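Asker: Residues 842 to 1178 in our numbering are what the sequence shown spells out, letter by letter. Attaching a single structure in structure tokens format; questions to follow.
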Amino acid sequence: MATNDSQDMLDEELDEDLLDDILTRAKECEESRQWEEYNALRLQSIQLFSQHFGPDNKITLGYKMNLAYNYRAQGNFPGAESVARDVVERRRRVLGDHADTAAAMNSLSISIKAQRRVEEGLRLDEETLEMLRRVEGDDAEATQAAMQNLGNSYFNVGRHDEASQLHQKVVDFRVQNLGKDDRETIIAMDMLARDFTALGQWEKAQHLQEEATSLAKANFGDGDNTTIACILNLRLTYSHFGQSAKSLKLMEDALASFRQQGRDDTQPSATLMNQLAIEYSEQGRFAEAQLLLEGFYEWIKGVLGPDHPRTEEAKLELRDNLVAQGKLVKTNIFDGV
């Protein structure tokens, strides 16, 4: 009873109008990628939650998880790691082995691996999967997601056979429980196909990638993020077999779909432009590649800023293209850079 009275008192002390204003402004800043202001507002809201509900409260820790996610979106991986580690420690202490603890461990692993501490992140992925198998069982969606994440980690350190075994289990589970038309099933199929390419099983990879790409197109359209991921992986397989015409058509159709939808400024569209420009350049079609490289450069500069290493790399790619065409005078795309 005393606990309820205490909680009621804490609830009454919370300035809900102030909190609503902070959360609304934070959401607006998140959508417009005004990260500095977003960070300050999110930290302010977390402080309010912590003061009134306690630092270990589910709401407080949920908002911290969101902050870690957005720190990663900003490229602030040490900050994301610090926040995620705090959540892991608190959830371990309060919940022990639990799905929420595992979710925080996954967030921490992503932040660690982003800092190239791959083996450390992999060990955490293994621990996460073991925990979920104990508390949720193999058939839980959270367990399947952890299995997929661990498979990805194995792939990234060259343990391709182990990666394929885990990804095959995920595909089998999702086909049976979600059906082949489900997005998560298609993503898992695409990942398994990537394992096959690493193992040199190119025919198996092509068959599975073509199926995944066809399913993604039919269910989500050419301009969908999942479809683009499938297309880019299938492109590499076609290139392996010397089927450049098929590779080009895949990317050209997808880019045309983006433009019809008015989604030229999205991350998948930009990735597609860059990859298609590479393909054109390899075929000596430098003028067509130039238009795409210009579009990609402007996009990456707007997202990451003119001084980011990836922006500088994009600028050099465009400059190399101009040199290849014999255009020795810089175009106006470099003005003010």
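Think of the CB as a built atom: it goes at the ideal place given N, C-alpha and C, for glycine as much as any other residue. Predicted, not measured: the structure shown is a model, and the values here were computed from it.
Taking all protein chains shown into account, decide if residue 1109 is buried (16 or more other Cβ within 10 angstroms of its Cβ) or exposed.
Answerer: Here residue 1109 is taken as the residue at index 268 of the sequence shown, counted from 1. By the C-beta density criterion, residue 1109 is buried, having at least 16 other C-beta atoms within 10 angstroms.
Asker: Measure from the alpha carbon of residue 1135 to the alpha carbon of each residue in 1161, 863 and 1124, then state which is nearest.
Answerer: Translated into positions along the sequence shown, residue 1135 becomes position 294. Closest option to residue 1135, Cα to Cα, is 1161.
Asker: So, for residue 856: in the same chain, excluding its five sequence neighbours on each side, which residues have a beta-carbon less than 6 angstroms away from its beta-carbon?
Answerer: Position 15 of the sequence shown holds residue 856. Same-chain partners within the cutoff: there are none.
Asker: Between the Cα of residue 1025 and those of 899, 1056 and 1150, spot the shortest distance and give me the residue it belongs to.
Answerer: Your numbering for residue 1025 matches position 184 in the sequence shown. When only C-alpha atoms are compared, the closest one is 1056.
Asker: Put residue 1149 into one of helix, strand or coil per three-state DSSP.
Answerer: As a working note, residue 1149 is residue 308 in the sequence shown. If DSSP states are grouped into helix, strand and coil, residue 1149 belongs with coil.
Asker: What separation, rounded to the nearest whole angstrom, lies between the Cα atoms of residue 1132 and residue 1016?
Answerer: As a first step, residue 1132 must be located in the sequence shown, where it is residue number 291. As a first step, residue 1016 must be located in the sequence shown, where it is residue number 175. Their backbone Cα atoms lie some 41 angstroms apart in a straight line.
Asker: Grab me the residues of residue 1068's own chain with a C-beta within less than 6 angstroms of its C-beta, minus the 5 sequence neighbours each way, in chain order.
Answerer: Here residue 1068 corresponds to residue number 227 of the sequence shown, with the count starting at 1. Correct list, in chain order: 1057, 1058 and 1061.
Asker: Could you check the C-alpha separation between residue 1119 and residue 934 for me, to the nearest Å?
Answerer: In the sequence shown, residue 1119 corresponds to position 278, counting from 1. In the sequence shown, residue 934 corresponds to position 93, counting from 1. Rounded to whole angstroms, residue 1119 to residue 934 spans 50 angstroms at the Cα level.
Asker: Using only alpha-carbon positions, find the residue among 949, 982, 956 and 955 that is nearest to residue 968.
Answerer: As a working note, residue 968 is residue 127 in the sequence shown. Checking every option, the nearest Cα to that of residue 968 belongs to 949.
Asker: Let's see if you can read the secondary structure: which residues bound the alpha helix (DSSP H) around residue 1051?
Answerer: The residue labelled residue 1051 in the question sits at position 210 within the sequence shown. DSSP places residue 1051 in the uninterrupted alpha helix (DSSP H) bounded by 1043-1061.
Asker: So the candidates are 862, 891 and 1077; which of them puts its Cα closest to the Cα of residue 1031?
Answerer: As a first step, residue 1031 must be located in the sequence shown, where it is residue number 190. Checking every option, the nearest Cα to that of residue 1031 belongs to 1077.
Asker: Could you pull out every unbroken alpha helix (DSSP H) segment of at least 4 residues lying fully inside the segment 969-1017, listed in chain order?
Answerer: 982-997
Asker: Taking DSSP as the reference, what is the three-state secondary structure of residue 955?
Answerer: Taking the sequence shown and counting its residues from 1, the one referred to as residue 955 is at position 114. Residue 955: coil per DSSP, three-state reduction.
Asker: When DSSP labels each residue in this structure, what does residue 917 get in the three-state scheme?
Answerer: For this step, residue 917 is matched to residue 76 along the sequence shown. Reduced to three states, the DSSP call for residue 917 is coil.
Asker: Under a three-way DSSP split, which group does residue 1115 fall into?
Answerer: Translated into positions along the sequence shown, residue 1115 becomes position 274. If DSSP states are grouped into helix, strand and coil, residue 1115 belongs with the helices.
Asker: For residue 1156, which of helix, strand or coil comes out of DSSP?
Answerer: By 1-based counting over the sequence shown, the position of residue 1156 is 315. Helix.
Asker: Hey, could you find the ends of the alpha helix (DSSP H) residue 864 is sitting in?
Answerer: Counted from its first residue, the sequence shown places residue 864 at position 23. 857-872 is the extent of the alpha helix (DSSP H) around residue 864.
Asker: Suppose the cutoff is 8 angstroms on Cβ atoms and the five residues either side in sequence are ignored; what does the same chain contact list for residue 956 look like?
Answerer: One-based indexing of the sequence shown puts residue 956 at position 115. These residues qualify, in order along the chain: 918, 919 and 922.
Asker: So, helix, strand or coil for residue 898, using DSSP?
Answerer: On the sequence shown, position 57 is the one that residue 898 refers to. Here residue 898 sits in coil by DSSP.
Asker: Considering only C-alpha positions, which residue in the set 902, 900, 905 and 912 is nearest to residue 876?
Answerer: On the sequence shown, position 35 is the one that residue 876 refers to. For the set 902, 900, 905 and 912, the Cα lying nearest the Cα of residue 876 is the one of 912.
Asker: Just how far apart, CA to CA, sit residue 1090 and residue 964?
Answerer: One-based indexing of the sequence shown puts residue 1090 at position 249. One-based indexing of the sequence shown puts residue 964 at position 123. Those two C-alpha atoms are separated by around 41 angstroms.
Asker: What's the gap between the Cα of residue 1092 and the Cα of residue 1043?
Answerer: Position 251 of the sequence shown holds residue 1092. Position 202 of the sequence shown holds residue 1043. Rounded to the nearest angstrom, the two C-alpha atoms are 20 angstroms apart.
Asker: By alpha-carbon positions, which one of 1153, 1166 and 1040 ends up nearest to residue 1127?
Answerer: Here residue 1127 refers to the residue found at position 286 when the sequence shown is read from its first residue. Ranking the options by Cα distance to residue 1127, first place goes to 1166.
Asker: Enumerate in chain order the residues of its own chain whose CB-to-CB distance from residue 985 is below 6 angstroms, with the five nearest sequence positions on each side excluded.
Answerer: Taking the first residue of the sequence shown as position 1, residue 985 is located at position 144. 1011 and 1014, listed in sequence order.
Asker: When you compare each of 959, 999, 1002 and 939 to residue 975 by their alpha carbons, which one comes out closest?
Answerer: On the sequence shown, residue 975 is found 134 positions in, with the first residue counted as 1. Of the listed residues, the one whose Cα sits closest to residue 975 is 939.
Asker: From 972, 854 and 959, pick the residue whose C-alpha is nearest to that of residue 937; which is it?
Answerer: Within the sequence shown, numbered from 1, the residue matching residue 937 stands at position 96. Nearest of 972, 854 and 959 to residue 937, Cα basis: 972.
Asker: Whose C-alpha, out of 1158, 1106 and 892, is nearest the C-alpha of residue 1140?
Answerer: Locating residue 1140 in the sequence shown gives position 299, where the first residue counts as 1. Residue 1106 is the option with its Cα nearest to residue 1140.
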